[in-house]
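Asks:
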Amino acid sequence: DTEVTQTPKHLVMGMTNKKSLKCEQHMGHRAMYWYKQKAKKPPELMFVYSYEKLSINESVPSRFSPECPNSSLLNLHLHALQPEDSALYLCASSQEYSGLDYEQYFGPGTRLTVT
Amino acid sequence: AQSVAQPEDQVNVAEGNPLTVKCTYSVSGNPYLFWYVQYPNRGLQFLLKYITGDNLVKGSYGFEAEFNKSQTSFHLKKPSALVSDSALYFCAVRASYSSASKIIFGSGTRLSIRP
């Protein structure tokens, strides 16, 4: 199974809402990532979890809160977002973060719209 | 600082013709180079990678890429384009000098194959 799944596929939320994005992989990968992607732009790294510990936070605003409950699951909790946070949010995984030659496997993304 | 450049925003090719999508990079030390493809409303999909060894790397869907150290390039190629190859292509690089080095994506090239 080389699939990364993400739910929901689409999410519309108001600026006062709290919601969560979910990501799951069953490839035994020990690194998991959150990316934000604007239209026709490359993905921007937000967070990296390595062995279920937060390794990288790319100075992401605190209204985004990641969580890694176990080695297969990754959540992104959203609160008090701004309209400019509207984007495609991609989850990815790789065998390890420190393995520089490991490719990443991406989920299909969650299309988030903040109204 | 490491960087990767995709000098063409868009490449247009007729079906059946060869295609090339260009990528140049700048890193300290040896690079690990990747190509990913993104179809509309989907996540990125790994195509191929160069780690070491043979400069010509073969990947998925008939794509290949040639690593050229002197020109610091890693161009993606396919001998005969298909309409289904139309998508957004990203080149990416990681530097080998540190296990903490981050993956850097190029700005992306939109490949359009006309029937």
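So the sequence lines, in the order shown, correspond to chains Y and F.
So the mapping is simple: my numbering equals the position in the first sequence, first residue as 1, plus 97.
So the mapping is simple: my numbering equals the position in the second sequence, first residue as 1, plus 83.
Note that CB positions come from ideal geometry on N, CA and C, so glycine has one too.
(1) Quick check on the burial criterion: 16 or more other C-beta atoms within 10 angstroms. Buried or exposed for F:Arg177?
(2) What does F:Ile196 reach in chain Y if we use C-beta pairs closer than 8 Å?
(3) Spell out the partners DSSP gives Y:Val109 in its beta bridges.
(4) Could you tell me which uninterrupted beta strand (DSSP E) segments, each at least 3 residues in length, are contained entirely in the region 153-180 of chain F, listed from first to last along the chain?
(5) Run through the region 168-203 of chain Y for me and flag every whole beta strand (DSSP E) of 3 or more residues, listed as ranges in chain order.
(6) For F:Gln128 and Y:Lys133, I'd like the C-alpha separation in whole angstroms.
(7) Counting only beta-carbon atoms, is F:Lys152 nearer than 7 Å to chain Y?
(8) Quick one: any contact between the region 122-140 of chain F and the region 99-107 of chain F, if contact means 3 or more CB pairs under 8 Å?
(9) Using 7 Å as the threshold, is the C-beta distance between F:Ser163 and F:Ile196 below it?
(10) Would you mind telling me which residues of chain Y sit closer than 9 Å to F:Lys185, beta carbon to beta carbon, in chain order?
(11) Among the candidates Y:Pro166, Y:Lys106, Y:Trp131 and Y:Tyr148, whose CA atom is the shortest distance from the CA of Y:Val157?
(12) Please state whether the Cβ-Cβ distance between Y:Glu164 and Y:Asn172 is less than 7 Å.
(13) Around the Cβ of Y:Val109, are there at least 16 other Cβ atoms within 10 angstroms (buried) or fewer (exposed)?
(14) Enumerate in chain order the residues of its own chain whose CB-to-CB distance from Y:Met143 is below 7 Å, with the five nearest sequence positions on each side excluded.
(15) Would you call the CB atoms of Y:Leu197 and Y:Lys116 closer than 7 Å?
(16) The region 106-128 of chain Y: which residues have C-beta closer than 7 Å to a C-beta of chain F, in chain order?
(17) If you check the beta carbons only, do Y:Ser190 and Y:Tyr202 fall under 7 Å apart?
(18) What's the C-alpha gap between Y:Gln192 and Y:Gly125?
(19) Who are the Cβ neighbours of F:Pro90 in its own chain at under 7 Å, not counting the five residues just before and after it?
(20) Kindly list, in the order they appear in chain Y, the residues whose Cβ is closer than 8 Å to that of F:Ser190.
Replies: Taking the definition as stated:
(1) Counting the other Cβ atoms within 10 Å of the Cβ of F:Arg177 gives 16 or more, which makes it buried.
(2) Chain Y residues near F:Ile196: none, gap ~18 Å exceeds 8 Å.
(3) Note: Y:Val109 sits in a beta bridge opposite Y:Thr210.
(4) Complete beta strand (DSSP E) runs here, min 3: 156-161 and 170-178.
(5) Taken in chain order, the unbroken stretches of beta strand (DSSP E) that lie wholly in the region 168-203 of chain Y and span 3 residues or more are 170-176 and 184-191.
(6) Whole-angstrom Cα-Cα distance: 16 Å.
(7) Under the Cβ distance rule, F:Lys152 does not count among the residues neighbouring chain Y, no pair being separated by less than 7 Å.
(8) Contact between the region 122-140 of chain F and the region 99-107 of chain F is absent: fewer than 3 CB-CB pairs across the two stretches fall below 8 Å.
(9) Contact: no.
(10) Chain Y residues near F:Lys185: Leu142, Val145, Ile153 and Glu155.
(11) Y:Trp131 is the residue among Y:Pro166, Y:Lys106, Y:Trp131 and Y:Tyr148 whose C-alpha sits nearest the C-alpha of Y:Val157.
(12) It is a contact, given that the beta carbons lie within the stated cut-off.
(13) That one is exposed.
(14) Trp131, Tyr132, Lys133, Glu155, Val157 and Phe161, listed in sequence order.
(15) For Y:Leu197 and Y:Lys116, no; Cβs fall outside 7 Å.
(16) The region 106-128 of chain Y vs chain F, Cβ under 7 Å: nothing.
(17) In this structure, Y:Tyr202 lies closer than 7 Å to Y:Ser190 by Cβ.
(18) About 7 Å.
(19) Once the five neighbours on either side are set aside, the close Cβ partners of F:Pro90 are Lys105.
(20) Here the neighbours are Lys138 and Pro139.
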